[in-house]
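In full-length UniProt numbering, the protein residues as written are 1 to 257.
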């Protein structure tokens, strides 16, 4: 990593690119600190640069949007919950706000709006601190024994709002989980585990996934809504149409918004 801070303008990004190695299979990992958008710079074989505490600096043909979507696909929550929470927070249309991605401690902070064009993203769990260096610069610190390694040429007030919104979304998610936990005291959990292992070990489904259960729940709601809508005209939707609607909704939810 760089010992002196780097201004992430075009000149600084080009310097980082020339020190990086190519990996078109690169992904956002627990050691990634930042994903820098480069799609407008015309760099050979480079749509994005990943800064990584373990692997160093990597450039890839994958766009930041593609990398972020792949990362989100592994998480328990998708973008819908974050968008909903921000909408409730501001009591207006959430598309007016830059929504960070939050799924528990998996938080990605966009440096600007990303709906119409790819943006750069910061992995919040690896961001030790940030500081506002005037109105249009933000310093990013990823190492404990170092000042800001990188300087973002972005509106500092906007970045602070994005950071605050990420924490608010995480707080709301935490309170939701805490409400659920109240119904699952330790003794109940332990007794349930023991009884299942003792009496019904073969009946427990494998590979239980909150993500898959949520998708099934959404599919069921879509089916019920379509069944009801068609019943109003004394008809039934065919399976092909139901599948088309399900796929359309899933694609809409995968969008970065």
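Idealized CB from N, CA, C, for every residue including glycine.
Item, Value
"What is the rounded straight-line gap between the Cα of residue 94 and the Cα of residue 88?", "With a pLDDT of only 48 at residue 94, under the threshold of 50, the placement of this residue in the model should not be trusted; the figure read from the coordinates follows. Taking the straight line from one Cα to the other gives about 8 Å."
"List the endpoints of the continuous alpha helix (DSSP H) containing residue 227.", "210 to 231"
"Note down the Cα distance separating residue 1 from residue 226, rounded to an integer number of angstroms.", "Residue placement at residue 1 cannot be trusted, given a pLDDT of 43 that sits under 50; what the coordinates show is reported in the next sentence. One C-alpha to the other measures close to 54 Å."
"Does the beta-carbon of residue 31 have 16 or more other beta-carbons within 10 angstroms, so that it is buried, or is it exposed?", "exposed"
"What's the gap between the Cα of residue 181 and the Cα of residue 199?", "25 Å"
"Please classify residue 24: does DSSP put it in a helix, a strand, or coil?", "coil"
"What are the uninterrupted segments assigned as alpha helix (DSSP H) that are 4 or more residues long and contained completely in the segment 56 to 111, given in chain order?", "64 to 73, 79 to 90"
"In or out: residue 178 buried (at least 16 other Cβ within 10 Å) or exposed?", "exposed"
"Under the DSSP definition of a beta bridge, which residues are partnered with residue 131?", "139"
"Could you check where the beta strand (DSSP E) with residue 48 kicks off and where it finishes?", "48 to 52"
"Does DSSP put residue 7 in a helix, in a strand, or in coil?", "strand"
"Under 8 Å: do the segment 109 to 118 and the segment 156 to 167 share three or more Cβ pairs, one atom per stretch?", "yes"
"What separation, rounded to the nearest whole angstrom, lies between the Cα atoms of residue 117 and residue 8?", "18 Å"
"Among residues of its own chain, excluding the 5 on either side of residue 170, which ones have a beta-carbon nearer than 6 Å to its beta-carbon?", "102"
"Can you find the residues in the same chain that come closer than 8 Å, C-beta to C-beta, to residue 136, ignoring five residues on each side of it along the sequence?", "153, 154, 155, 156"
"Identify every residue that forms a DSSP beta bridge with residue 204.", "None; residue 204 has no bridge partner."
"Look at residue 123 and residue 34 and say whether their C-beta atoms are less than 8 Å apart.", "yes"
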